[in-house]
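The numbering of the sequence shown is our numbering, which starts it at 8 and goes up by one.
For every residue, glycine included, the Cβ atom is placed at its ideal position computed from N, Cα and C.
Computed from a predicted model, the values in this text were never measured in an experiment.
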Amino acid sequence: MSYQCPLCHSPLHQEASLWRCSNRHQFDRAKEGYVNLLPVQHKRSRQPGDSADMMQARREFLDAGHYQPLQQRVSEIFNRILPERPVSVLDIGCGEGYYTHAVAAQLQARGEACVYGLDVSKVAVRYGARRYHNVEFCVASSHRLPFPDAHFDAVLRIYAPCKAAELVRVVKEQGYVLTVTPGPRHLIQFKALIYQDVKLHDETPEQMEGFEMIEQHALNYPMQLNAEESAALLQMTPFAWRARPEVWGVLATTPRFDCETDFTLRLWQRRTAGQATAAQP
């Protein structure tokens, strides 16, 4: 394992149940096994990230298997692109580790792989560390990644924000970033309950300076949800903040709610130093 101090950027070294740098900044390792590398001065709120209610809703929905096709596709891509030698992978915005542990299991089944899960939500990371022991979890900011330069062979970002400059810093040359974003029709049936004017998700790829997009895939399939599952899915999305009480009422009284998933997966490769000024695709 290799962490970097979020305060002074010096290497952190593990000493018993804590991590310490040469400037004597120290961070405790929780009994669940994760380390909190989010100093109070880097927090934007008292409890950043998903709440306990949101995490619980996501856990119940994911455990029901509705997003298992996405979990499998992500794991398959990493298995295909990464060499069969010791590799290091980071999942940014890992939540409770549903995708992280699947990637770790896939890679570790064939050889040595160190897989990290990072999230700003302590409640989610605590749950992930308690449940999945094949992942190194930490609480940290996705905009100040607590890792050394050129440390990762690949990074996974499912919806999570992160500055391209930070990704350029921590990903090895010719390494990869796999992003997952909503496709045009993702959960459009939920949108129809909430908005009068339903708009498709924007398909324009983000600008990833320092990277070249080398693959793009669409993954879409229908879901049939019962009342509890549809409410859990709404709770784990940003739509929950805009849903009126009557929307929750509709879901609670609808025994079968049909909706669509639509994911866009983009694989980006880190350019070498000589390619850094090349034009974006």
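Per DSSP, Val122 is not a residue of any alpha helix (DSSP H); the beta strand (DSSP E) it occupies stretches across Ala120 to Asp126. Relative to the Cα of Gln214, the nearest Cα in the group Gln21, Trp275 and Arg176 belongs to Trp275. In this structure, Ala234 lies away from Leu241, with their beta-carbon atoms at least 8 Å apart. Rounded to whole angstroms, the Cβ separation of Phe159 and Ser95 is 5 Å, and the two are in contact under 8 Å. Where Gln203 is concerned, there is no enclosing beta strand (DSSP E), because DSSP gives it neither an H nor an E. By the criterion of a C-beta distance shorter than 7 Å, Met243 is surrounded in its chain by Met61, Ala64, Arg65 and Phe68, once the five residues flanking it on both sides are discounted. In this chain, the alpha helix (DSSP H) harbouring Leu174 covers Ala171 to Val177.
Exposed is the label assigned to Cys15, since fewer than 16 other Cβ atoms lie within 10 Å of its Cβ.
Contact between Asp126 and Val146 holds, with the beta-carbon distance rounding to 7 Å and staying under 8 Å.
Between Gly100 and the set Val130, Glu219 and Gln115, the nearest pair of CA atoms involves Val130.
The Cβ atoms of Gln223 and Asp265 do not sit closer than 8 Å to each other.
Separation of Arg92 and Pro245 (C-alpha to C-alpha, rounded to the nearest whole angstrom) is 39 Å.
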